[in-house]
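S.K.:
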Amino acid sequence: MHYMGIAMPRELFLKLTPLAEALSKLKTAVRPIGVEEVSLEGALGRVAAVDLTAHVPYPPFSFSEVDGYAVVAEDTYSAREDSPIALRLAGEILAGSKETHRVEKGSCVRIATGAAIPEGCSAVVPLEYTELKDGRVLVYKSVAPGENIAQLGGDIQKGKVVVKRGARIRPWDIVLLATAGYRSIPVYRRPSISVIASGSELRPTGASLGEGEMYDANSPFLIAELRSRGYEVKGYGIVSDTLGELSEAMAQAASESNLILVTGGSSKGVGDLVPKAIESIGGEILVHGIRSKPGKPTAIGKIRGTLVLGLPGYPVSCVVMFYMLVVPVLGMMEGEVVGYKTAKALLSRDASLTLGRENFIPVKLEGGDKLIAHPLRMKTSRLSQLLDMETLAVASGRKVIAAKGEKVEVLLSVGRYWLK
730 MHYMGIAMPR ELFLKLTPLA EALSKLKTAV RPIGVEEVSL EGALGRVAAV DLTAHVPYPP
790 FSFSEVDGYA VVAEDTYSAR EDSPIALRLA GEILAGSKET HRVEKGSCVR IATGAAIPEG
850 CSAVVPLEYT ELKDGRVLVY KSVAPGENIA QLGGDIQKGK VVVKRGARIR PWDIVLLATA
910 GYRSIPVYRR PSISVIASGS ELRPTGASLG EGEMYDANSP FLIAELRSRG YEVKGYGIVS
970 DTLGELSEAM AQAASESNLI LVTGGSSKGV GDLVPKAIES IGGEILVHGI RSKPGKPTAI
1030 GKIRGTLVLG LPGYPVSCVV MFYMLVVPVL GMMEGEVVGY KTAKALLSRD ASLTLGRENF
1090 IPVKLEGGDK LIAHPLRMKT SRLSQLLDME TLAVASGRKV IAAKGEKVEV LLSVGRYWLK
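Quick note: the sequence shown uses this note's numbering, first residue 730, plus one each step.
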C-alpha cells in the first residue's frame, strides 16, 4: 500500500463482527445509568424503571355505556317492538352526579353515558329503544343483566401491570397510567451524548467550499434526530484528521457525556484515526468492523465509563448504522427491552447483495393485500436514495442477488417519521 508516494503497511480490519454479536457484547458492557422520577406529562418516550401497576381499578365505579334508562333487566324480558312494557320514571342521573337513586322493580331511572349505575339496576336500555309517554317509559327491547354497563374493575383490576419495566412509554400508555392513578413514574435516566465529525475535508453547512471539500451532513442529522428523541446532545463540530486534535476532543467529550458518536475516521485508511485516538487516551476497542453492508467501517470502544461508537463517514451508511446500532445501544443505556419489529415483504425487483455480509437495503414500502418492498439503488456514496427511503430490509449475504418476488424482513419501526 502506498500513501503520498510512501510505502505503508497494509492495514485490515482485525475482525469483522456480525451486528448481532456486537450488540450481544454491548448488552454485557452497557448498563442503565440511573433512575429518576418524572411527571406523567414528561414521561413520553422514557423507559419505565419498574413494573407500573394500577393504583385503582378501571372503571373505578360501574357506569352506563349509553344514554338510556337504568332498569331491572328481568322487567324487560317480555318487551318487543310490537308489544312494549311500561316502567315508572323514578328520576335522572347525569355524569358526575352525587345524587343517589334506587331502581325498584317496575321502575327506571334516566341515565347519561358515564353516569354511575344506581342501586338495584342490572342493565341499561339504550334511549333509541324507548319512548317517554304520559310520564311512563315504554321499552321496546329486552336487555340482559349487565348489558350496556361498564362494571367496576371489569377492564383493569387494581394491581394489574399496565406498563412493564423496560417498556418505552407511548402516547396511549399515558392514558393508561393516568387512569391507573399516576401523577409521576420512575424512569431510567437518559444518557448525555456528544457528537464529533472527523474529517479534514469537511466544512460546516453555510461555509464556502474549497477544492476537495464537502459539507458535514452527519452531525446535523445525528443531533437533530437525538434531540427530537429528547436526549441532551453536545456537538463538538468538525475535527481534522490529526491524532492529537481528535484525541483531545474525545477526551473532553468523555468527561462530559455517557456516549460519544464520532462520524468518519473508523475505517482502516491512513487518515482514519478514531480507534487510535480511543487507545491513545486509555480507552479500549471492543469491535472494529461490522460484517454488514453498509456499515463495515464501524468501531465500538470505551473510554473509562463512556461508550464510543465510531460511525461510517458516508451519510447513507451513517443513517443506516444510526438505526441499526445507535438506537439499540441507546435502548440498552436506558434499560429498554431492545428489538425491532419486523414483517415479511415481497421484493418488487432484484436487489444486489454483498456476499459474506448482512445487507441492509433501503426500501420504499407499498401496502395492500401484500406488503411490497421496492429496493432502492444501493450505493453508499449516493445520497439520492434517501429521497425515497422509508425503512430498511434485511438480507443475508449468502448470495449475490435477492430475486424479485423473494420475501425479505423489513423493519417496521426504524424511523418514527418514515412509515406514514
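Yeah, the Cβ is synthetic: ideal placement off N, Cα and C, and Gly gets one too.
1. Please state whether DSSP places Val999 in a helix, a strand or coil.
2. On the DSSP bridge assignment, give the partners of Val1123 in chain order.
3. Just the C-alpha distance for Glu961 and Val924, rounded to the nearest angstrom, thanks.
4. Under 7 Å Cβ to Cβ from Ser836, same chain only, skipping five residues before and after it: list those, please.
5. With a cut-off of 8 Å on the beta carbons, I'd call Ala953 and Lys887 a contact; round off their distance for me.
6. Does the Cβ-Cβ distance between Arg897 and Ile762 come in under 8 Å?
7. Mapping DSSP to helix, strand and coil, what is Val776?
8. Would you mind giving the Cβ-Cβ distance between Gly1039 and Gly1085, rounded to the nearest angstrom? I have them listed as a contact below 8 Å.
9. Tell me which residues share the same chain as Ala968 and place their Cβ nearer than 6 Å to its Cβ, disregarding the 5 neighbours each side in the sequence.
10. Considering only the beta carbon of each residue, do Ser851 and Tyr806 sit closer than 8 Å?
11. Taking C-beta to C-beta, are Val892 and Leu781 nearer than 8 Å?
12. According to the Cβ coordinates, are Thr842 and Tyr798 closer than 8 Å?
13. Beta-carbon separation of Ala1072 and Leu1121 under 8 Å?
14. Under 8 Å, do Val759 and Met1053 count as touching if we go by C-beta distance?
15. Anyone know if the C-beta pair for Ala1028 and Pro1044 falls short of 8 Å?
16. Consult DSSP for Pro786 and reduce its assignment to one of helix, strand or coil.
17. Which whole-angstrom value is the C-beta distance of Ala824 and Phe790, which I expect to be below 8 Å?
18. Can you list, in chain order, the residues of its chain with a C-beta nearer than 6 Å to that of Lys1133? Leave out the 5 residues immediately preceding and following it.
19. Of the choices Ala1124, Ala873, Leu769 and Leu752, whose alpha-carbon is the least far from that of Glu803?
20. Could you pull the DSSP bridge partners for Ala1132 from this structure?
21. Please look up how many angstroms separate the CB atoms of Val767 and Ser929, rounded, as I've assumed it's under 8 Å.
22. Val795: which of Tyr944, Asp1117 and Leu856 sits nearest, CA to CA?
23. Could you have a look at Arg899 and say whether DSSP puts it in helix, strand or coil?
24. Quick check: what's the CA-CA separation for Val1055 versus Ser1113?
25. Which one of Arg775, Ala1006, Glu876 and Gln981 has the shortest CA to CA distance from Leu972?
26. Do Ile885 and Ala909 have their C-beta atoms within less than 8 Å of each other?
27. Considering only the beta carbon of each residue, do Pro1041 and Pro1026 sit closer than 8 Å?
28. Please name the residue in Val832, Leu1015, Ala980 and Glu1138 whose C-alpha comes closest to that of Pro747.
M.R.: Taking the definition as stated:
1. Annotation note: pLDDT 49 at Val999 (below 50); position unreliable, no value reported.
2. Phe1089 and Glu1138
3. 11 Å
4. Leu816, Arg817 and Ala819
5. The pair is not a contact, with the Cβ atoms about 43 Å apart (cut-off 8 Å).
6. no
7. strand
8. Not really, about 22 Å apart at Cβ, beyond 8 Å.
9. Reading off the sequence, residue 968 comes out as Val, not Ala. These residues qualify, in order along the chain: Ile925, Ser927, Glu974, Leu975 and Ala978.
10. no
11. yes
12. no
13. no
14. no
15. no
16. coil
17. Actually they do not touch by this definition, with Cβ atoms about 11 Å apart.
18. Leu1076, Arg1078 and Asp1079
19. Ala873
20. DSSP output for Ala1132 lists no bridge partner at all.
21. Wrong, their Cβ atoms sit about 42 Å apart, outside the cutoff.
22. Leu856
23. coil
24. 23 Å
25. Ala1006
26. yes
27. yes
28. Leu1015
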